[in-house]
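Have a look at the structure below before the remarks.
Residue numbers (my numbering): 1101 to 1202.
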């Protein structure tokens, strides 16, 4: 008896899921312009964030290069980059630079 109830309910679930897909597709069509605008706004925000991160990385690399060339100290480079000395030296190592002896 329990199996009959489960099977009956499964049929209803399958019917419901099928109609749900149709409704979802209809909503996508109706909301296409709004969804596209949201997607484009997300892409714009992503590009801006990527540019900021790239500029920050470039700034850090410039200070790292100055340290490597002996123009400024590790401490000065870290200060200019707004980082702790430890984090700055980690960035230097990550970029493949050699930490100068103090």
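Where a beta carbon is used, it is the ideal one built from N, C-alpha and C, also for glycine.
Next item on the list: Quick one: measure Cβ to Cβ for residue 1172 and residue 1191, integer angstroms, because I've assumed they're closer than 8 Å.
Entry: With 8 Å as the limit, residue 1172 and residue 1191 do not qualify as a contact, their Cβ atoms being about 14 Å apart.
Check: Based on Cα-Cα distance, which residue from 1157, 1169, 1179 lies nearest to residue 1194?
Finding: 1157
Item checked: Backbone secondary structure at residue 1198 - three-state DSSP -> coil
Item checked: Cβ-Cβ distance between residue 1188 and residue 1174 below 8 Å -> yes
Check: So residue 1163 packs on residue 1177, CB below 8 Å; how close in whole Å?
Finding: 4 Å
Notebook entry, point to check: Three-state secondary structure (DSSP) at residue 1173?
Noted result: coil
Item checked: Per-residue DSSP class, three states only, for residue 1110 -> helix
Notebook entry, point to check: Does DSSP put residue 1183 in a helix, a strand or coil?
Noted result: coil
Next item on the list: Might you give, ordered along the chain, the residues of its own chain that have their beta carbon closer than 8 Å to the beta carbon of residue 1184, omitting 5 neighbours on each side?
Entry: 1178
Check: How is residue 1140 classed by DSSP in three states: helix, strand or coil?
Finding: helix
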